[in-house]
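In my numbering, the protein residues as written are 5 to 479.
We treat Cβ as the ideally placed atom computed from N, Cα and C, and that holds for glycine.
Heads up: the structure comes next, in structure tokens.
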Ligand SMILES: [Zn+2]
């Protein structure tokens, strides 16, 4: 019998398990040169502890063969059977078992081989081990190290809420003090960012021509303070339209800039700068660039205003007070942030689409406001929601265009217009097939990107100002 040929078939079964994210074990049962049963481990999918590869193959073979006795059968399995399967193999009177890799874990009573060959049973099984052993073992090893990697990544992801960004806003003494006072900012350090070459010093930078900007490296706890909030607070203390000048300080080193390390931040930063420009109706001079270099400034510049309380500062004491008292934009944001489900993350961060007709708000028409699940910004009113029949929440318009942005989207071979929140979350798409009477637009939004605040809770949650937008005829 060509053992390797049949073990290949068992490995094919194991591959199916792997594709389903199950422990990759496969089995085939051969009688008279014909495969009469095949199975792969599918415990998770079937939610059944008995659904091991061998059990499924044995079931199929018994049915096919029309008997519980499989005396002439040879069972091929990629990994040494566990005690349950070894028992079943014995009970089915299988004559020969061929397996690939040993399974040091499943043999809770030593090895399953002991059961298959226990002298107490009147039926003994012939064992052939080590067929395509390396491939069978590698499949298991890769699977389990993959799981370990996933667990590790998940833990890191949960822990790793400290993020950093570099902000330039004129003389770094004052901007550092201001930023360091914001709740959620965990560490600050002043330095020189995105210069042309050489190691900068304060003297060199002040003389000009180095290309460096006085900047602050800001570490912040993303679960307490979002990047969009941090940027909004930063805009409050800089003149965003002034080129190379803040307060009395003039020169390229006093330019304003947001320098990021993580490309995932670019949507949030560019969205935030766009909204700022729209609200100012003037060109914004704040540059947005990837961080190229950053050199911490000399020690005497660090926490300068704490060391020198009377030192010069272009930022007023009232701003320091405001930073200290910052309590988060919307009450809901503190609660919602950092607690997004996998689906909510997939939709808002990776632009996934949730299933139609199987989401929270597609068929929901209570009066209230729909806010950004990530940062609590108000997005849509119930009064603009209509039943489009598409299986997702549909709105004729946003509360205010300044809370959202639209971008062309050519993915999936379609020409669509993507809708994002000001905070950079993907929300859905906007189409021009809405009812004429409502303006002709249909904002097709994922429920997973939204949180509904009922009318009765709007005041309490800080959305009281929007209550007049709820129309009379809404119940
Ligand atoms: Zn088993």
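Query                                                                                                                                                                     : Result
Does DSSP put residue 473 in a helix, a strand or coil?                                                                                                                   : helix
What three-state label does DSSP hand residue 480 in the structure shown?                                                                                                 : Outside the displayed range of the chain (5 to 479) lies residue 480, so it cannot be described from this structure.
Which residues mark the beginning and the end of the beta strand (DSSP E) in which residue 222 is found?                                                                  : 217-225
Exposed or buried, residue 379, counting other C-beta atoms within 10 Å across all chains shown (16 or more means buried)?                                                : buried
Check each candidate in 83, 357, 82, 353 and name the one with the smallest Cα separation from residue 270.                                                               : 353
Using only the alpha-carbon positions, how far apart do residue 61 and residue 359 sit?                                                                                   : 35 Å
Under 8 Å, do residue 432 and residue 396 count as touching if we go by C-beta distance?                                                                                  : yes
For the beta strand (DSSP E) that residue 425 lies in, which residues bound it at each end?                                                                               : 420-425
Please state whether the Cβ-Cβ distance between residue 260 and residue 241 is less than 8 Å.                                                                             : no
Return the chain-ordered list of same chain residues with a C-beta closer than 7 Å to the C-beta of residue 14, the five sequence neighbours on each side being excluded. : 30, 31, 32, 80, 81, 82
Mind checking who residue 2 pairs with in its DSSP beta bridge?                                                                                                           : The chain is shown from 5 up to 479; residue 2 falls before or after that span and cannot be answered.
What span of residues does the alpha helix (DSSP H) with residue 88 cover, start to end?                                                                                  : 87-95
Measure the CB-CB distance between residue 218 and residue 175 and report whether it falls below 8 Å.                                                                     : yes
Is there contact here, the segment 271-287 with the segment 311-321, by at least three beta-carbon pairs under 8 Å?                                                       : no
Counting by C-beta, which residues lie closer than 6 Å to a heavy atom of ligand 1, in chain order?                                                                       : 56, 58, 85, 86, 88, 89
Please report how far the alpha carbon of residue 118 lies from the alpha carbon of residue 40, in whole angstroms.                                                       : 26 Å
In its own chain, which residues sit with a C-beta less than 8 Å from the C-beta of residue 424, not counting the 5 before and 5 after it?                                : 271, 275, 408, 409, 410, 411, 430, 431
How many whole angstroms separate the CB atoms of residue 458 and residue 370, which I take to be in contact at a CB cut-off of 8 Å?                                      : 6 Å
Between the beta-carbon of residue 75 and the beta-carbon of residue 97, is there less than 8 Å?                                                                          : yes
Can you tell me where the beta strand (DSSP E) with residue 235 in it begins and where it stops?                                                                          : Note, residue 235: premise wrong, no beta strand (DSSP E); alpha helix (DSSP H) at 231-239.
In three-state DSSP terms, what is residue 467?                                                                                                                           : coil
Can you tell me where the beta strand (DSSP E) holding residue 21 begins and where it ends?                                                                               : Careful: residue 21 lies outside any beta strand (DSSP E), inside the alpha helix (DSSP H) at 7-23.
DSSP on residue 299, reduced to helix/strand/coil?                                                                                                                        : strand
What first and last residue would you give for the alpha helix (DSSP H) that runs through residue 209?                                                                    : 206-211
Excluding sequence positions up to five away, which residues of its chain have a Cβ less than 7 Å from the Cβ of residue 296?                                             : 198
Taking C-beta to C-beta, are residue 470 and residue 403 nearer than 8 Å?                                                                                                 : yes
Pull up the distance between the alpha-carbon of residue 37 and that of residue 9, whole angstroms please.                                                                : 11 Å
So the candidates are 209, 142, 474; which of them puts its Cα closest to the Cα of residue 134?                                                                          : 142
Confirm, please, whether the CB-CB distance from residue 69 to residue 85 is below 8 Å.                                                                                   : no
Given that a residue counts as buried once 16 or more other Cβ atoms are within 10 Å of its Cβ, and exposed if not, what is residue 325?                                  : exposed
Going by beta carbon distance, what residues of the same chain come within less than 6 Å of residue 77, once the five residues before and after it are set aside?         : 33, 35, 98
In whole angstroms, give me the CA-to-CA distance for residue 434 and residue 427.                                                                                        : 18 Å
Please determine, among 203, 170, 179, 256, the residue with the shortest C-alpha to C-alpha distance to residue 210.                                                     : 256
Applying the 10 Å Cβ sphere with the 16-neighbour rule, what's the burial state of residue 181?                                                                           : buried
Report the three-state DSSP secondary structure of residue 478 (helix, strand or coil).                                                                                   : coil
Less than 8 Å between the beta carbons of residue 386 and residue 372, yes or no?                                                                                         : yes
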